[in-house]
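J.:
Protein chains: 2
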Amino acid sequence: MNIDIELIQDSKLNTVDFNNLAFGRIFTDHMLVCDFANGEWKTPKIMPYGPMLFEPSARVFHYGQAVFEGMKAYKDDNDDVFLFRPDENFNRINKSGERLAMPTVPEDVFFEGLKKLLEVDNAWIKKGEGNSLYIRPFIIASEGAISASPAEEYKFIIICSPAQSYYAGEVRVIFAEKYSRSADGGVGFAKAAGNYAAQFYPTSLAHKEGYQQIVWTDASTHEFLEEAGTMNVFFRIGDKLVTAPTSDRILDGVTRKSIVQLAKDFNIDIEVRRVSVTEIKEAAKKGELKEMFGSGTAAVINPIKGFKHQNDTFELPEISDSYASFFKEKLLGIQYNKLEDKHNWRVKL
Amino acid sequence: MNIDIELIQDSKLNTVDFNNLAFGRIFTDHMLVCDFANGEWKTPKIMPYGPMLFEPSARVFHYGQAVFEGMKAYKDDNDDVFLFRPDENFNRINKSGERLAMPTVPEDVFFEGLKKLLEVDNAWIKKGEGNSLYIRPFIIASEGAISASPAEEYKFIIICSPAQSYYAGEVRVIFAEKYSRSADGGVGFAKAAGNYAAQFYPTSLAHKEGYQQIVWTDASTHEFLEEAGTMNVFFRIGDKLVTAPTSDRILDGVTRKSIVQLAKDFNIDIEVRRVSVTEIKEAAKKGELKEMFGSGTAAVINPIKGFKHQNDTFELPEISDSYASFFKEKLLGIQYNKLEDKHNWRVKL
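The listed protein sequences correspond, in order, to chains X and F.
The first sequence begins at 1 in our numbering and counts up one residue at a time.
The second sequence begins at 1001 in our numbering and counts up one residue at a time.
So, in structure tokens, the structure goes:
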């Protein structure tokens, strides 16, 4: 496939302090841009990262036709670069896009474009555990027209940001009682831009109470635990791990499904089923709730130290042999090419 | 208030065929742009309408922090220009924005900015019924950072597009059975960008069946009729008018509330209450469902000729003394300064 390439004159690389990276604020030297117009995707371009011109009437600004993915590239000690289950991200961005009536991105544009971009910006992928390059592919409706209907012009863009670990500090969560993230028959399963803005205000209320995240519950009864908005959520009751099944309200997380598989591989008792607030609170009261953790590409695995529901607060016990640590070690080991990868999740570039 | 003004060199006005306007594709010569940064709104600028630079990492592209309003300016035979209940739009854009954790737009930026913009582009507001200037104020998160949290930089923009009537042709609708528009505790009441993209795919399925719009139902049971996504919906059973109450799932439409008031003014029996699919289907079967119509700024009032639910299709009777025509005549009369305006809805610029 043909890719037009325009390289920068001077790399920003030396201006970046890789030991003090705020997540998602520094971008590599280049980006991939591929335009969709007249019913077809044009030749992808790799060009210097920088501001782009958009019509103020671009539909993305008015009607939220925007979907994205989160991926990471990892570099091992031999300077080989790996992606983790990139097919999952490719399939999901198109599944998300279809739900928002957007054109699907061709496989070669996605993969050859990404591969070439990571070649060009290879020096931005740092070795060493915790270091990675966060990759953000996204599709937005660029057509300048404000009738409330799907656009006829789009841009598929990939930008990359060097990353350390996503979360700092301890995470405690609130189980949602009033606000909701998604409805049955809605777009909760999609990585649709609008799903995120909808969470910011309720999450800001949680922050004021000293909680970092909300675990969303079903909008009808607020009784069943769903996901945390940027993470799927797992509960360890005794030695059994439980997580909610995916649905049209819950994102089919790549890290989530990898943990489910790893649990099976390592004979950890795992149940994928509805999890009720009542069950978790009762388990916590009895001391049987040993762990909660979130999973996602940015965070990989994020232990949850406590939770609040209505007027009840719970603090989880310190645990030495945690599942969270176990799965994180296994996942990072596979991602950084240090452990066996029996499911061929790792893809060498 | 200070407004920086940069006027265009050559107006596009003479290049526009005002008898053949597609909705929302032609924009006036100027736009208003006001930046928010470091916790405050800067001096608004009126500048030539045109493409603007955005970081590809602007949060609006990734997390959908975007809200908008729809308003219209009308010109009467004396060349006076009127807005219709603009306070409602001002209050609502800030209510929408708060739900998405965005800063509120100050009253003077909104009103003085809009007034000055309409002065500058006055020649774009055409006289004669059906003609109007559609006004699109919107706020978008412009900060270049892809962490999933509220932006710290925004743009408030007003663009304007000369308009005739929004809908062409007859409108038939499907009552939603599977897909949903919003959840309890969600953002359905807000004019949030993501609410619209979420409707495009289900609406495209409706189009394939020959229906123009979907009337959304509650996500839990799909039994109660809510709104049509770009219109609130009214049902006339016998001589009684019924419409759903607003809620956190349903937009508090300005045209809707004006119709409710007009109905009271003119002693038309109106009930604001939940409307079930079963009730409407039974009324249709008995011949008691005399009318359905949608209301919204773009469409004003849009008669609905028929509907489908499950395998049942209904065609509404032709009606000579329709409420839809009555309210449309009253509303347009007030909007164009031809009828008495007892509630002071009309605001002269």
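Using N, Cα and C, we set each Cβ at its ideal position, and we do this for glycine too.
(1) Between the Cα of Phe189 of chain X and the Cα atoms of X:Glu227, X:Asn2 and X:Asp269, which residue gives the shortest distance?
(2) Provide the residue span of the beta strand (DSSP E) that contains Tyr49 of chain X, from first to last.
(3) Ignore the nearest five residues each way along the sequence and tell me which others in Val171 of chain X's own chain have a CB closer than 8 Å to its CB.
(4) How long is the line joining the alpha carbons of Glu359 of chain X and Ala1101 of chain F, rounded to whole angstroms?
(5) So, does the CB of Phe162 of chain X fall closer than 8 Å to a CB anywhere in chain F?
(6) List the endpoints of the continuous beta strand (DSSP E) containing Phe138 of chain X.
(7) So, helix, strand or coil for Gly1306 of chain F, using DSSP?
(8) Who are the near neighbours of Val1081 of chain F in its chain, counting only those whose CB is closer than 8 Å to its CB and skipping five residues on each side?
(9) Buried or exposed for Glu143 of chain X, please, with buried defined as at least 16 other CB atoms from any protein chain shown within 10 angstroms of its CB.
(10) Under three-state DSSP, which class holds Pro86 of chain X?
(11) Please report the straight-line C-alpha distance between Ile1140 of chain F and Phe61 of chain X, rounded to a whole angstrom.
(12) Less than 8 Å between the C-beta atoms of Glu1318 of chain F and Arg1236 of chain F, yes or no?
(13) In terms of alpha-carbon separation, which member of F:Tyr1336, F:Gly1169, F:Asn1311 and F:Tyr1063 lies closest to Ala1176 of chain F?
(14) Mapping the DSSP letters down to three states, classify Gln1335 of chain F as helix, strand or coil.
(15) Quick check on Asn1038 of chain F: buried or exposed, where buried means 16 or more other Cβ atoms within 10 Å of its Cβ?
(16) Mind pulling the alpha helix (DSSP H) runs of 4 or more residues that sit fully within the region 1-49 of chain X?
(17) What residues from the region 53-74 of chain X come within 7 Å of chain F, judged by C-beta to C-beta, listed N to C?
(18) Taking a cut of 9 Å between CB atoms, which residues from the region 16-33 of chain X lie near chain F?
(19) Return the chain-ordered list of same chain residues with a C-beta closer than 6 Å to the C-beta of Ile1193 of chain F, the five sequence neighbours on each side being excluded.
(20) Any chance the region 200-209 of chain X sits against the region 261-268 of chain X, with 3 or more Cβ pairs inside 8 Å?
(21) Can you find a C-beta in chain F that's less than 8 Å from the C-beta of Pro51 of chain X?
(22) If you draw a straight line from the alpha carbon of Pro106 of chain X to that of Asp1252 of chain F, how long is it in whole angstroms?
(23) Looking at the structure shown, is Gln164 of chain X part of a helix, part of a strand, or coil, going by DSSP?
(24) Work out the CA separation of Tyr1179 of chain F and Phe1048 of chain F for me, nearest whole Å.
(25) If we call anything under 8 Å between Cβ atoms a contact, is Asp35 of chain X one with Lys155 of chain X?
(26) Whole-angstrom Cβ separation of Tyr1196 of chain F and Cys1160 of chain F, contact assumed at under 8 Å?
(27) Quick one: measure Cβ to Cβ for Met31 of chain X and Pro1056 of chain F, integer angstroms, because I've assumed they're closer than 8 Å.
(28) Against chain C, with Cβ distances strictly below 8 Å, would Tyr179 of chain X count as a contact?
(29) CA-CA distance, Tyr1323 of chain F and Glu1069 of chain F?
(30) Exposed or buried, what is Tyr1162 of chain F when buried is set at 16 or more other beta-carbons lying within 10 Å of its beta-carbon?
(31) Under 8 Å, do Gly186 of chain X and Ala1183 of chain F count as touching if we go by C-beta distance?
(32) For Thr1246 of chain F and Phe326 of chain X, I'd like the C-alpha separation in whole angstroms.
(33) Strictly under 8 Å for the Cβ-Cβ distance: is Gly194 of chain X near chain F by that measure?
T.: Concretely, from the data shown:
(1) Among X:Glu227, X:Asn2 and X:Asp269, the Cα nearest to that of Phe189 of chain X belongs to X:Glu227.
(2) Careful: Tyr49 of chain X lies outside any beta strand (DSSP E) and carries neither H nor E.
(3) Around Val171 of chain X, the same chain offers Gln212, Gln213, Gly294, Asn302, Pro303, Ile304 and Lys305 as residues with beta carbons nearer than 8 Å, after the five sequence neighbours per side are excluded.
(4) Any question about residue 359 of chain X goes unanswered here, given that chain X covers just 1 to 349.
(5) Sequence check: residue 162 of chain X is Pro here, not Phe. No - not a single Cβ of chain F is within 8 Å of the one on Pro162 of chain X.
(6) First-last of the beta strand (DSSP E) with Phe138 of chain X: Ser132 to Ala141.
(7) Three-state result, Gly1306 of chain F: strand.
(8) Result list for Val1081 of chain F: Ala1073, Tyr1074, Lys1075, Leu1118, Asn1122, Ile1125, Lys1348 and Leu1349, in chain order.
(9) Classification for Glu143 of chain X: buried.
(10) Reduced to three states, the DSSP call for Pro86 of chain X is helix.
(11) Going by C-alpha positions, Ile1140 of chain F is about 7 Å away from Phe61 of chain X.
(12) Cβ distance not < 8 Å, so Glu1318 of chain F and Arg1236 of chain F don't count as in contact.
(13) With distances taken between Cα atoms, Ala1176 of chain F lies closest to F:Asn1311.
(14) DSSP places Gln1335 of chain F in helix when its eight states are reduced to three.
(15) It counts as exposed.
(16) The DSSP assignment places no complete run of the alpha helix (DSSP H) inside the region 1-49 of chain X (cut-off: 4 residues).
(17) Of all residues in the region 53-74 of chain X, Leu53, Phe54, Glu55, Pro56, Ser57, Val60, Phe61, His62, Tyr63, Gly64, Gln65, Ala66 and Phe68 have a Cβ within less than 7 Å of some Cβ in chain F.
(18) Of all residues in the region 16-33 of chain X, only Ala22, Phe23, Gly24, Arg25, Phe27, Met31 and Val33 come within less than 9 Å of chain F when Cβ atoms are compared, listed by chain position.
(19) The displayed chain sequence assigns Ala, not Ile, to residue 1193 of chain F. Taking C-beta separations shorter than 6 Å and ignoring five residues to either side along the sequence, the partners of Ala1193 of chain F in its chain run Gly1064 and Ala1066, following chain order.
(20) The region 200-209 of chain X vs the region 261-268 of chain X: no contact.
(21) Taking Cβ atoms only, chain F reaches closer than 8 Å to Pro51 of chain X, which makes this a yes.
(22) A straight line joining the alpha-carbon of Pro106 of chain X with that of Asp1252 of chain F spans about 41 Å.
(23) DSSP places Gln164 of chain X in coil when its eight states are reduced to three.
(24) Before going on, a small fix: residue 1048 of chain F reads as Pro here, not Phe. Each residue's alpha carbon lies about 41 Å from the other.
(25) Yes, they are a contact pair.
(26) Rounded, the Cβ-Cβ distance is 20 Å, inconsistent with contact.
(27) Right, the Cβ-Cβ distance comes to about 6 Å (below 8 Å), so this counts as a contact.
(28) Looking at the structure shown, chain C is missing, and the protein chains on hand are X and F.
(29) Pairing Tyr1323 of chain F with Glu1069 of chain F, the inter-Cα distance amounts to about 26 Å.
(30) It is Pro, not Tyr, that sits at residue 1162 of chain F in the sequence shown. Pro1162 of chain F counts as buried, since no fewer than 16 other beta carbons sit within 10 angstroms of its beta carbon.
(31) Ala1183 of chain F sits close to Gly186 of chain X, with the two beta carbons spaced by under 8 Å.
(32) A straight-line Cα-Cα distance of about 49 Å links Thr1246 of chain F and Phe326 of chain X.
(33) Yes, Gly194 of chain X lies at the interface with chain F (some Cβ there is under 8 Å from its Cβ).
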